[in-house]
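S.K.: Mind having a look at this structure? Questions to follow.
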Amino acid sequence: MPVDEYVEGAVKLLTCGALISYLAEWTAPSPLTVILGAAAAGAWVATAAADEEDPNRWGQRLTPVGDDVKTSAERITLSADVPQNPMPGFSYAMRTNWDYLGVSDGADRTAQTEQERQNKHVALKRVLTERQQYRGGERVRICAEILGFNADDPLDYFVTARIFPLDQSEQFFTRILRPGRCGIKRPRDWDCFKGFPREWLSKRPVFPLHHGVYKIRGDGDARAEMVQLANPQESIISVRIPYDGGLNIDLPPTTSVSVDVSHTNSPVTVFARDPIGRVVAQASTGTAQRTLETLVLEGQVIQSLTVFGGNGEGWLHGLCYSKPDLPDGEKILDKFRNYEVVGDFDLGLRESSRRWGVTVTVQTVDNSPTDLEPILAAQNIGGLMTAPVSAQLAGCVTVLLLDHVFDVI
């Protein structure tokens with residue numbers, strides 16, 4: 005894939021169907037989509053161009069000229085076969101081709117090489133806010149936890165957060181996140197839980213329901229009840245699966261999610277969907293009634309679930325999604341360091357009810373001395389550690405997934 009084609013694909017964030025909460029829901033490029041698209045493409049370009057030696061220096065080294073020869077122009081062509089768009093911040097390798105052309109007052113010089121290159125800018129990040137819901141006029145504290153091994157101090161990272169309402173791509177706000185203590189502790193049931201809040205029994209909830217990182221949508225009235233199970237013998241506060249339409253659940257991007265369900269009538273089925281709504285996995289319960297079953301669904305990118313069945317007597321008991329692990333083959337956990345950076349964003353007093361997205365880009369700061377050897381300095385330049393995650397979906401151009409979302413109610 006040529007560099008310019010990747011950049012073009014990353015910038016064109018055109019929608020391809022019904023979208024969900026953690027996807028940028030834009031129908032045309034805007035100033036923000038250009039920024040985010042360029043950041044996602046930058047991670048791929050940095051790997052294709054390598055860190056050990058810049059392509060132009062490589063070409064000059066392989067095609068030396070005499071002191072009396074003047075070079076008037078150089079052209080570098082980079083290309084790489086990427087089966088799937090790379091995930092910034094994760095370890096991956098790809099076959100790359102470099103073609104060098106040096107235009108001189110003598111004969112033109114050319115060089116070509118093909119080899120596998122490894123993304124060395126590896127870091128993991130987790131972005132969160134202290135709450136999932138806010139009202140107009142309130143302050144939103146954004147925290148990013150960075151796990152990487154390319155920096156010895158949090159000041160070695162330059163971290164940028166962009167906050168924007170999902171229904172208006174032209175309106176976005178930028179905050180520089182600085183070293184600090186998050187002071188945000190997610191409850192144990194934020195990512196994985198079994199049983200809904202007890203207060204839902206006395207205060208009838210309404211759709212959409214928010215619990216942890218999950219947004220649960222459905223038609224009609226939401227209904228939470230204490231459900232008595234026979235296997236295992238326990239009572240769980242559960243949400244009824246509506247007879248018409250079932251439940252639709254938005255969750256952060258993942259490759260695996262488990263769903264706890266049961267029924268007292270007919271089997272329950274769960275569909276896992278990718279960012280453009282295509283089914284990537286499905287699973288169903290058996291016919292045994294009042295039996296809690298954990299359905300596990302796996303796919304390349306899962307961002308929503310559809311739960312239906314039970315003939316009006318099906319129940320959702322719990323959810324758990326798998327968070328990203330360290331890249332395969334990385335045995336350097338003892339070298340990783342964890343840093344926290346924070347920033348604040350004030351909502352307008354009359355901010356309307358809608359969902360907001362957050363993307364965070366992490367770059368290493370080049371602290372190389374001016375007299376450092378160029379080949380060594382090249383390893384410190386262009387250090388895009390992690391950027392908005394991109395996903396290339398068949399039949400659809402590149403889209404960007406968000407690091408975090410919150411709601412203004």
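Using the working numbering, the first residue of the sequence shown is number 5, and each one after it goes up by one. The C-beta atom is built at its ideal place from N, Cα and C for all residues, glycine as well. All figures in this text were calculated on a predicted structure; none of them were measured in a lab.
#1: Which stretch, first to last residue, makes up the beta strand (DSSP E) that contains W319?
#2: In this structure, does DSSP put L159 in helix, strand or coil?
#3: On the DSSP letters alone, give me the boundaries of the alpha helix (DSSP H) that N60 sits inside.
#4: For a test of the three-state rule: what should DSSP assign to E297, helix, strand or coil?
#5: Closer than 6 Å by C-beta to D332: which residues in its own chain qualify, once you throw out the five before and the five after it? Chain order, please.
#6: Rounded to whole angstroms, what is the Cα-Cα separation between Y325 and W360?
#7: Could you tell me whether the segment 157-169 touches the segment 198-208, where touching means 3 or more Cβ pairs closer than 8 Å?
#8: Please report the Cβ distance between W319 and I245, rounded to the nearest whole angstrom; I am assuming they are in contact, meaning their Cβ atoms lie under 8 Å.
#9: Starting from the Cα of G313, find the closest Cα among T295, V345 and S288 and give me that residue.
#10: Can you tell me whether DSSP reads S108 as helix, strand or coil?
#11: In the structure shown, what three-state DSSP assignment does E120 receive?
#12: According to DSSP, is I204 part of a helix, a strand, or is it coil?
#13: In angstroms, rounded to a whole number, what distance separates the CA positions of A111 and V366?
#14: Roughly how many angstroms lie between the CA atoms of I80 and L251, to the nearest whole one?
#15: Helix, strand or coil: which one does DSSP assign to P331?
#16: I'd like to know if the segment 298-309 and the segment 352-359 are in contact, where contact means that at least 3 CB-CB pairs between them fall below 8 Å.
#17: How long is the line joining the alpha carbons of L105 and T363, rounded to whole angstroms?
#18: Return helix, strand or coil for N342, following the three-state DSSP convention.
#19: From P236 to V131, what does the alpha carbon distance come to, in whole angstroms?
#20: What are the boundary residues of the beta strand (DSSP E) that D411 is part of?
#21: Label D407 either buried or exposed according to how many other C-beta atoms from any shown protein chain fall within 10 Å of its C-beta, with 16 as the threshold for buried.
#22: State the start and end residues of the unbroken beta strand (DSSP E) segment that holds V366.
#23: Give every residue of the same chain whose Cβ lies closer than 8 Å to the Cβ of F410, excluding the five residues on either side of it in the sequence, and list them in chain order.
#24: DSSP state of N315, grouped into three classes?
#25: Is it buried or exposed, T368, if we count other Cβ atoms within 10 angstroms and call 16 or more buried?
#26: State the Cα-Cα distance for the pair D195 and Q307, rounded to the nearest angstrom.
#27: Tell me whether V73 is buried or exposed, calling it buried when 16 or more other Cβ atoms sit within 10 Å of its Cβ.
#28: By DSSP's criteria, S288 is part of a beta bridge. Which residues make up the other side?
#29: Using only the alpha-carbon positions, how far apart do D171 and Q293 sit?
#30: So which of H215, L255 and T295 has the shortest CA-CA distance to E238?
#31: When you compare only the Cα positions, how much space is there between A276 and R192?
#32: With DSSP as the reference, label R227 as helix, strand or coil.
#33: Within 10 angstroms of the Cβ of P183, are there 16 or more other Cβ atoms? Answer buried if so, exposed if not.
#34: Considering only the beta carbon of each residue, do S260 and E297 sit closer than 8 Å?
M.R.: So, from the listed chains and residues:
#1: Indexing the sequence shown from 1 puts residue 319 at position 315. Its beta strand (DSSP E) spans residues G318 to Y325.
#2: As a position in the sequence shown, residue 159 is number 155, starting the count at 1. Here L159 carries a helix assignment [DSSP, helix/strand/coil].
#3: Sequence index remark: in the sequence shown, residue 60 carries index 56 (1-based). Its alpha helix (DSSP H) spans residues P59 to L66.
#4: Taking the sequence shown and counting its residues from 1, one reaches residue 297 at position 293. In this structure, E297 counts as strand in the three-state DSSP scheme.
#5: As a working mapping, residue 332 is identified with position 328 in the sequence shown. Note that D332 has pLDDT 44, beneath the 50 cutoff, so the model's placement of it is unreliable and the number below is only indicative. None.
#6: One-based indexing of the sequence shown puts residue 325 at position 321. One-based indexing of the sequence shown puts residue 360 at position 356. Roughly 21 Å between the two C-alpha positions.
#7: The segment 157-169 and the segment 198-208 do not touch, with fewer than 3 CB-CB distances between them shorter than 8 Å.
#8: Here residue 319 refers to the residue found at position 315 of the sequence shown. Here residue 245 refers to the residue found at position 241 of the sequence shown. The pair is a contact, with the Cβ atoms about 7 Å apart (cut-off 8 Å).
#9: Residue 313 sits at position 309 when you count from the first residue of the sequence shown. Nearest option by C-alpha distance: S288.
#10: For this step, residue 108 is matched to residue 104 along the sequence shown. In this structure, S108 counts as strand in the three-state DSSP scheme.
#11: For the purposes of this step, residue 120 is identified with residue 116 of the sequence shown, where counting begins at 1. Looking at E120 - three-state DSSP - the assignment turns out to be strand.
#12: Working through the sequence shown from its first residue, we reach residue 204 at position 200. According to the sequence provided, residue 204 is Trp. The question's Ile does not apply to it. Looking at W204 - three-state DSSP - the assignment turns out to be helix.
#13: As a position in the sequence shown, residue 111 is number 107, starting the count at 1. As a position in the sequence shown, residue 366 is number 362, starting the count at 1. Linking A111 to V366 through their CA atoms gives a straight-line distance of about 43 Å.
#14: As a position in the sequence shown, residue 80 is number 76, starting the count at 1. As a position in the sequence shown, residue 251 is number 247, starting the count at 1. Approximately 52 Å, taken between the alpha carbons.
#15: Residue 331 sits at position 327 when you count from the first residue of the sequence shown. No answer about P331 holds up, because its pLDDT of 45 lies below 50 and its placement is not dependable.
#16: no
#17: Reading the sequence shown from its first residue, position 101 is the one you call residue 105. Reading the sequence shown from its first residue, position 359 is the one you call residue 363. Their Cα atoms are separated by approximately 38 Å.
#18: For the purposes of this step, residue 342 is identified with residue 338 of the sequence shown, where counting begins at 1. Of the three classes helix, strand and coil, the one that applies to N342 here is strand, per DSSP.
#19: Reading the sequence shown from its first residue, position 232 is the one you call residue 236. Reading the sequence shown from its first residue, position 127 is the one you call residue 131. Cα to Cα, the separation comes out at about 36 Å.
#20: Counted from its first residue, the sequence shown places residue 411 at position 407. Its beta strand (DSSP E) spans residues H408 to V412.
#21: For the purposes of this step, residue 407 is taken as residue 403 along the sequence shown, with counting starting at 1. It is buried - the Cβ of D407 has at least 16 other Cβ atoms within 10 Å.
#22: Reading the sequence shown from its first residue, position 362 is the one you call residue 366. R358 to T368 is the extent of the beta strand (DSSP E) around V366.
#23: Residue 410 sits at position 406 when you count from the first residue of the sequence shown. T133, R135, Q136, Q137, Y138, V144, R359, W360 and V362, listed in sequence order.
#24: The residue labelled residue 315 in the question sits at position 311 within the sequence shown. Helix.
#25: The count along the sequence shown starts at 1 and reaches residue 368 at position 364. Buried: at least 16 other Cβ atoms inside 10 Å.
#26: Reading the sequence shown from its first residue, position 191 is the one you call residue 195. Reading the sequence shown from its first residue, position 303 is the one you call residue 307. Here the alpha carbons of Q307 and D195 stand approximately 14 Å from one another.
#27: Taking the sequence shown and counting its residues from 1, one reaches residue 73 at position 69. Counting Cβ neighbours within 10 Å, V73 comes out exposed, since fewer than 16 surround it.
#28: Walking along the sequence shown from the start, residue 288 turns up at place 284. In DSSP, S288 forms a bridge with T273.
#29: By 1-based counting over the sequence shown, the position of residue 171 is 167. By 1-based counting over the sequence shown, the position of residue 293 is 289. For D171 and Q293, the distance between alpha carbons rounds to 42 Å.
#30: Walking along the sequence shown from the start, residue 238 turns up at place 234. Measuring from the Cα of E238, the nearest candidate turns out to be T295.
#31: Locating residue 276 in the sequence shown gives position 272, where the first residue counts as 1. Locating residue 192 in the sequence shown gives position 188, where the first residue counts as 1. Rounded to the nearest angstrom, the two C-alpha atoms are 24 Å apart.
#32: The residue given as residue 227 occupies position 223 in the sequence shown. Coil, per DSSP.
#33: Looking up residue 183 in the sequence shown gives position 179. Exposed, by the Cβ-count rule.
#34: In the sequence shown, residue 260 corresponds to position 256, counting from 1. In the sequence shown, residue 297 corresponds to position 293, counting from 1. Cβ distance not < 8 Å, so S260 and E297 don't count as in contact.
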